[in-house]
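Participant: Before anything else, here's the structure in question.
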Amino acid sequence: NRIAFDESQAAAVIEGIRRLNPELSLMALSGSQIVEQARAEGLTVIQETFADRAYTAAGALVSRSQVGAVHHDPEVAAAQALAFATGQPITSLEGTPVQVQADSICVHGDNPAALELVRQILTTLAKHDVEVRHVS
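Heads up: the sequence shown at position 88 corresponds to 162 in the working numbering, and the numbers run straight through without jumps.
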């Protein structure tokens, strides 16, 4: 996650990808500075979002040290995943709508409710005819 906000580390990762294989895609935290930095260098960027994490009104992840930063309720995570998948705004921790660009949706495996969250997310997406695909 450090490369999302550390410009020099981001530059090193971008340069490494360009040298190794510039056809590779870079998965990066949605809305972070590395997204534009990598695109400016000609890389394809996949903006990653998190169904099991809360966002601020500015579209940033809420620090895990704050109450409410991690979603454990499958319905909440599924609603957020559906909003990401359909390009709709999500509800920030402050209760305001916020638009977050989502090319990929993640659920953290260290969340004790991860399996239940993923099951509900898949059910909700299928109910709304949203196709789940692997990142290519």
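Yeah, the Cβ is synthetic: ideal placement off N, Cα and C, and Gly gets one too. Fair warning: this is a prediction, and the values are worked out from it, not measured in the lab.
Between the stretch 119-126 and the stretch 91-103, are three or more C-beta pairs nearer than 8 Å?
Facilitator: Because the criterion of three Cβ pairs below 8 Å is met, the stretch 119-126 and the stretch 91-103 touch.
Participant: Hey, out of PRO171, GLU81, ASP203, VAL206, whose CA is closest to VAL109's CA?
Facilitator: For the purposes of this step, residue 109 is taken as the residue at position 35 of the sequence shown. When only C-alpha atoms are compared, the closest one is GLU81.
Participant: Taking 6 Å as the limit between beta carbons, can you name the residues of its chain near VAL181, skipping five residues before and five after?
Facilitator: Translated into positions along the sequence shown, residue 181 becomes position 107. Around VAL181: ALA125, ASP126, ALA188, LEU191, VAL192.
Participant: Look up GLU122 in the DSSP assignment and say whether it is helix, strand or coil.
Facilitator: Residue 122 sits at position 48 when you count from the first residue of the sequence shown. Strand, per DSSP.
Participant: Kindly identify the DSSP beta-bridge partner or partners of PRO213.
Facilitator: With the chain covering 75 to 210 only, the question about residue 213 has no answer from this structure.
Participant: Can you find the residues in the same chain that come closer than 6 Å, C-beta to C-beta, to ASP177, ignoring five residues on each side of it along the sequence?
Facilitator: Taking the sequence shown and counting its residues from 1, the one referred to as residue 177 is at position 103. ILE120, GLN121.
Participant: According to DSSP, simplified to helix, strand and coil, what is PRO171?
Facilitator: Counted from its first residue, the sequence shown places residue 171 at position 97. Three-state DSSP puts PRO171 in a strand.
Participant: From ILE88 to THR198, what distance separates their C-alpha atoms?
Facilitator: By one-based count along the sequence shown, residue 88 stands at place 14. By one-based count along the sequence shown, residue 198 stands at place 124. Roughly 35 Å separates the two Cα atoms.
Participant: Applying the criterion that 16 or more other CB atoms from any shown protein chain within 10 Å of the CB defines a buried residue, is VAL141 buried or exposed?
Facilitator: Residue mapping note: residue 141 aligns to position 67 of the sequence shown, counting from 1. Answer is exposed; the Cβ neighbour count stays below 16.
Participant: Assuming THR130 contacts VAL174 (C-beta within less than 8 Å), just tell me the rounded distance between them.
Facilitator: Walking along the sequence shown from the start, residue 130 turns up at place 56. Walking along the sequence shown from the start, residue 174 turns up at place 100. At roughly 10 Å, the Cβ-Cβ gap does not stay under 8 Å, so THR130 and VAL174 are not in contact.
Participant: Reducing DSSP to helix, strand and coil, say where THR130 ends up.
Facilitator: By 1-based counting over the sequence shown, the position of residue 130 is 56. THR130: coil per DSSP, three-state reduction.
Participant: Leaving out five residues on either side along the sequence, give the residues of the same chain with a beta carbon under 7 Å from the beta carbon of LEU196.
Facilitator: Stepping through the sequence shown from its first residue, residue 196 is reached at position 122. Closer than 7 Å at Cβ, skipping near neighbours: VAL206.
Participant: Output the distance between the C-alpha atoms of ILE91 and ARG113, rounded to the nearest integer angstrom.
Facilitator: Walking along the sequence shown from the start, residue 91 turns up at place 17. Walking along the sequence shown from the start, residue 113 turns up at place 39. Going from the Cα of ILE91 to the Cα of ARG113 covers about 12 Å.
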